[in-house]
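Each remark here refers to the structure printed beneath this line.
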Amino acid sequence: MKIEDPKAVKWTLIGITAAFLAVMLVLPLTYVLFTAFRSGLEGFVAAVTDKYALHAVYLTVIVTLMAVAVNVVFGLYTAWALTKFSFRGKKLLSTIIDLPLTVSPIIAGLIFVLTFGRQSVLYPYLSDLHIKIIFAVPGIVLATVFVTFPFISREIIPVLNAQGKDEEEAAALMGAGAFRIFRQITFPHIKWAFMYGVVLCTARAMGEFGAVSVLSGHLRGKTNTMPLYIEILYQGYDFTGAFAVSSLLVVMAILILIARNVLEHRSKAQYLKNRRKA
Amino acid sequence: MTQNSASKDQKESGQTPQGSRQIRELDQANDASLPGGRTTQPEADAAGSENTYVELRHVSKSFGDFKASDDVSFTVEKGKLAGLLGPSGSGKTTILRILAGLETADSGDILIDGKVVNDIPASKRGIGFVFQSYALFRYMTVFDNIAFGLAIKKTDRKIIAEKVNHLIELVGLAGLGGRYPTQLSGGQRQRVAFARALATEPHLLLLDEPFAAIDAKVRKELRGWLKELIQRVGITSIFVTHDQDEAIEVADQIIITNRGHVERSGSPLEIYNNPQSSFVTQFVGQPTVIENPGRFKGFRRLGDKGGKAVLRPEFISVTKIGEPLKYVITAEDAVVEESYFRGGDFELRVRVNDQLLTVNRPITQEPIRVGEQVKIFISSLYLLDGDKAVTVMNESLSNRSSIYEI
Amino acid sequence: MARKKTKSVIPGFGISFGVSVSILSLIVIIPLCSLVIYSSQLTLEQFFEIITRPRVLASYKVSLATSFIASVINAVMGLVMAWVLVRYEFPGKRILDGMIELPFALPTAVAGISLAHLTVPNGPVGAVFSGLGIDIAYTWVGITVAMTFIGIPFVVRSIQPVLENVEGEYEEAAYLMGAGRLQTFFRVVLPEIRPALIAGFTMAFARCLGEYGSVVFIAGNKPYETEIAPLMIMSELQEFDYPAATSVALTMLLMAFVILFVNAVLQSRASAIVSGIR
Chain H
1 MKIEDPKAVK WTLIGITAAF LAVMLVLPLT YVLFTAFRSG LEGFVAAVTD
51 KYALHAVYLT VIVTLMAVAV NVVFGLYTAW ALTKFSFRGK KLLSTIIDLP
101 LTVSPIIAGL IFVLTFGRQS VLYPYLSDLH IKIIFAVPGI VLATVFVTFP
151 FISREIIPVL NAQGKDEEEA AALMGAGAFR IFRQITFPHI KWAFMYGVVL
201 CTARAMGEFG AVSVLSGHLR GKTNTMPLYI EILYQGYDFT GAFAVSSLLV
251 VMAILILIAR NVLEHRSKAQ YLKNRRKA
Chain U
1 MTQNSASKDQ KESGQTPQGS RQIRELDQAN DASLPGGRTT QPEADAAGSE
51 NTYVELRHVS KSFGDFKASD DVSFTVEKGK LAGLLGPSGS GKTTILRILA
101 GLETADSGDI LIDGKVVNDI PASKRGIGFV FQSYALFRYM TVFDNIAFGL
151 AIKKTDRKII AEKVNHLIEL VGLAGLGGRY PTQLSGGQRQ RVAFARALAT
201 EPHLLLLDEP FAAIDAKVRK ELRGWLKELI QRVGITSIFV THDQDEAIEV
251 ADQIIITNRG HVERSGSPLE IYNNPQSSFV TQFVGQPTVI ENPGRFKGFR
301 RLGDKGGKAV LRPEFISVTK IGEPLKYVIT AEDAVVEESY FRGGDFELRV
351 RVNDQLLTVN RPITQEPIRV GEQVKIFISS LYLLDGDKAV TVMNESLSNR
401 SSIYEI
Chain D
1 MARKKTKSVI PGFGISFGVS VSILSLIVII PLCSLVIYSS QLTLEQFFEI
51 ITRPRVLASY KVSLATSFIA SVINAVMGLV MAWVLVRYEF PGKRILDGMI
101 ELPFALPTAV AGISLAHLTV PNGPVGAVFS GLGIDIAYTW VGITVAMTFI
151 GIPFVVRSIQ PVLENVEGEY EEAAYLMGAG RLQTFFRVVL PEIRPALIAG
201 FTMAFARCLG EYGSVVFIAG NKPYETEIAP LMIMSELQEF DYPAATSVAL
251 TMLLMAFVIL FVNAVLQSRA SAIVSGIR
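Just so you know, the protein sequences line up as chains H, U and D, in that order.
Per my numbering, the first sequence runs over residues 1 to 278.
Per my numbering, the second sequence runs over residues 1 to 406.
Per my numbering, the third sequence runs over residues 1 to 278.
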């Protein structure tokens, strides 16, 4: 027997949950879409096809792609190093990887300003080389990579740990090289977890506001990503414009949420399969 | 000598039963194994015995299409330790959970101490339950685990401490009250689970596979401990097991379940020597199923019509060529194909009439090698007849050349 | 040298370790070090003078208080939601479950403007509440609402898997010994999920403390009243007052680490009980 709660308790709790999620999540979400179209389709179209809006979309896509690319490389190599080998400092390494999760995005922005800004020891060399990092696109990318840093590796590592390293060892003993082992043996195990991590990373990268806000310098049309552009519109009382651009991000968020649920389901199944084997 | 004791017991229990208790148990066994005979009013039967403490009457329970319990009836006497024995999926745990009140039966009555408890909540039935996994609360110490039921009843702290410490001592865990369950060995955890179940002073103790989670070596020791302790406490107990050795060794009464119904109930010796049903015959002991038993010498009267029978190693004696042989005419020629040393004796696989039989030979006798020609003598077998099984003696042993039932 | 330590037949340690450590250094270690290096240029008096400025102290107070309240709300609601999602079957359950991650997927700035616009006194929700004499936007209440929004997933997702693994037999055992539903919950189930609850609470708390994007729009940012600590850093940065920004950032990092440290201690105590090590 599953000891069950009384019907009244059950439906009260379900009611509370549904009401809480409706007010806290559904309401803000639908309100964005509602406000975006309040002044008609033309207002919406005008707002999202604005030159600056398009540029903000373009920059967001670029920054997101770059952040995801860096994190893919980092996530895969790190997961490989952390799960297939044992070495001194392994625990320290995995702690440092998780560090960005606990750092406020504003502080994330600040540390890059301190590293590459005018008061930094690096600044003279960088300006000699005409490399501009803060208040420019590279700074935005760096800050975005920082805040999304652990997302991919954190998803892969548990799956690889559950899988163990017998298969890789067997392949290595048969003479396979590292790349071949990874491609043919390891990657199939982590496929779904990896994609799940990419989705999380994309979500966070495209929506990052605080860290990017510190580093962008708010040059309209040059270093504005979508969230920053929304801020400018909102503070300029262009609510239709702000919500119109926001609605694009809302649609993206919903798509990400759907992808996330599908992938989570698959990667969980894969994880359980591996664990049962191990 | 094995065959002697077997036949003697058959006569005793089957033909000249002694004492009313035996009659009752046998009646009930017949009830359970013969679907037609079940209408012989178990109510009247139960009323006849004032010692009955637990009784199930026609209890059925389905989960969807799966019939977990199918018209289950049995009784357990006060102070006895009963074992529900059956293969996994046979419905034994469901019966235990229905008794505890963790499941509700679809139909039928559950009686504890003469009262129908169908509608009495589990916590008011006066039972203690030991879960297969023990379900010890991980974040409570041994002491708090045992004290849980008493604390719920708002018992005075002093009394709780007194009782719990007594129980801790009783189960042999003195000094370990402050430990957490994970700091104990499997055997110690079982003792805690046992003490916790006893803390609320139940009149009936239910144990679900109490030894399953313990490694083989400790298991044997714990069995003896549990039996002794239950006797000392004097509590009526029912445990579930799939291990016949465990049931035979520990229980006063065995209830064999198969596919949701009770096949047979009785004392271990009764069930072992007199299995009655085809299922029980093939479940207990060390059975070998043979085809066409009429081919074997001494059983020719069964005819050549095929059929199946069950042999146990103790029904067969093996002799080397040249050793004295009592029943020469009904002895078979056999070849030893395999031989395993089992400690006290050798287990031999011998081929007779193209069938492989298992037979034991004590190590004190002259050894037999693989490939050797030997003589074997089958004293009796269980002839399977539909759901039933009947004992057939070797012609040489039986003065009447007929089949008799038990 | 590294190879000697690993003793693994699997190839690729050198490259994977090298790649992950270099990216980690560039993105996380060097920038974080520059924060430490920069702050070491400050004297202790300077540091204390900055972090004890009344306006800064007020911002800590606002941040800590609102984060704490929001995390408590999330702990309670997270427990209810996890219970509902694990224990009950009802139509629409999968949708509710899938929605929980929305705050991760939705850019914080979008959530921020939507919540702000909803709760200003003449907004759809704000109007209702200002009729009751409660202002949400530009008050502590508003900040708490925004923080509650972003903290939703932490507690739910932390408790859910643990609750799924609490054996039904625990509750049956308690039930057989006469415990009622509430007694069983508080004495048997809650201790099992308490470590996860604490972990979820801490993560939510740390996240809320650092949150910027969703809060700035709804906070109103009145000095001494509704100014959160990350905003303090932001405004000091805009005045190019790097010493002040760094000092506040260091204090905030310290708070985050204290919170995480307390959590780690509590977790290790719980896992010591569960794994049997004293």
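All C-beta atoms, glycine included, are put in the ideal place defined by N, C-alpha and C.
Using a C-beta cut-off of 8 angstroms, the region 178–188 of chain H makes no contact with the region 208–217 of chain H, since fewer than three inter-stretch Cβ pairs fall below that distance. DSSP places GLY75(H) within a helical segment (H, G or I) once states are collapsed to three. Separation of the CB atoms of MET147(D) and CYS208(D) is rounded to 4 angstroms, and the pair is thereby assigned contact status at 8 angstroms. In this structure VAL350(U) touches VAL336(U) by the C-beta definition: roughly 5 angstroms separates them, less than 8 angstroms. In this structure, the straight-line span from the alpha carbon of PHE240(D) to that of ILE14(H) is close to 50 angstroms. ALA174(D) has a beta carbon lying within less than 9 angstroms of a beta carbon in chain U. In this structure, GLU201(U) is the residue among GLU201(U), SER62(U) and ILE98(U) with its C-alpha nearest to the C-alpha of GLY126(U). Contacts between LEU209(D) and chain H, judged by CB atoms closer than 9 angstroms, involve SER104 in chain order.
Under a criterion of Cβ atoms nearer than 8 angstroms, the residues of chain H adjacent to THR148(D) are, in order, MET24.
Listed along the chain, the chain D residues whose CB falls inside 9 angstroms of the CB of LYS10(H) are VAL84, ARG87, TYR88 and PHE90. For the region 82–102 of chain U, the residues whose beta carbon sits under 9 angstroms from a beta carbon of chain D are, in order, ARG97, ALA100, GLY101 and LEU102.
Under a 10 Å Cβ-count criterion, ILE321(U) is classified as exposed, with fewer than 16 other Cβ atoms of the shown protein chains found around its own Cβ. Per DSSP, LYS222(H) lies in no beta strand (DSSP E) segment and is marked neither H nor E.
Beta-bridge partners of TYR340(U) (DSSP): GLU347(U). Bounds of the beta strand (DSSP E) holding ILE255(U) are 253–258. Beyond the five residues adjoining it in sequence on each side, PHE201(D) comes within less than 7 angstroms, by CB distance, of SER71, ALA75 and VAL155 in the same chain, given in chain order.
Contact check for LEU85(U) and ALA247(U): beta-carbon distance about 4 angstroms, within the 8 angstroms limit, so the pair qualifies.
Beyond the five residues adjoining it in sequence on each side, GLN355(U) comes within less than 6 angstroms, by CB distance, of ILE290 in the same chain, given in chain order. Beyond the five residues adjoining it in sequence on each side, LYS90(H) comes within less than 8 angstroms, by CB distance, of LEU82 in the same chain, given in chain order. Here the region 96–113 of chain H lies against the region 145–163 of chain H, with 3 or more beta-carbon pairs under 8 angstroms apart.
In chain D, no part has a C-beta under 8 angstroms from the C-beta of LYS163(U); the shortest such distance is about 13 angstroms.
Rounded to the nearest angstrom, the gap between the Cα atoms of GLY112(D) and PHE261(D) is 30 angstroms.
Looking at the DSSP output, GLY83(U) shares a beta bridge with PHE239(U) and ILE254(U). ILE134(D) does not reach chain H, its nearest Cβ partner there being about 15 angstroms away, counting only Cβ pairs nearer than 8 angstroms.
Against chain D, the CB of ASN261(H) has a partner CB under 9 angstroms away; the residue lies at that interface. Every alpha helix (DSSP H) of 4 residues or more that sits fully in the region 159–220 of chain H is shown, in chain order, as 166–173, 178–181, 187–207 and 210–216. Rounded to the nearest whole angstrom, the C-alpha separation of MET99(D) and LEU257(H) is 7 angstroms. In the same chain as PRO223(D), and ignoring 5 residues on each side of it, the C-beta atoms closer than 6 angstroms to its own belong to ARG55, in chain order. Burial is judged here by how many other beta carbons sit within 10 angstroms of a residue's own beta carbon; MET140(U) has at least 16 and is buried. Contact between LEU250(D) and SER39(D) holds: their C-beta atoms lie close to 6 angstroms from each other, under 8 angstroms. Pairing GLU103(U) with LEU248(H), the inter-Cα distance amounts to about 53 angstroms.
Contact with chain D is absent for SER62(U), since none of that chain's Cβ atoms lies less than 9 angstroms from the residue's Cβ.
Going by DSSP, TYR382(U) is part of the beta strand (DSSP E) stretching over 380–385.
Residue-level contact check: VAL70(H) touches chain D, since one or more beta carbons of chain D fall below 9 angstroms from its beta carbon. With its beta carbon at least 9 angstroms from every one in chain D, TYR196(H) lies outside the interface.
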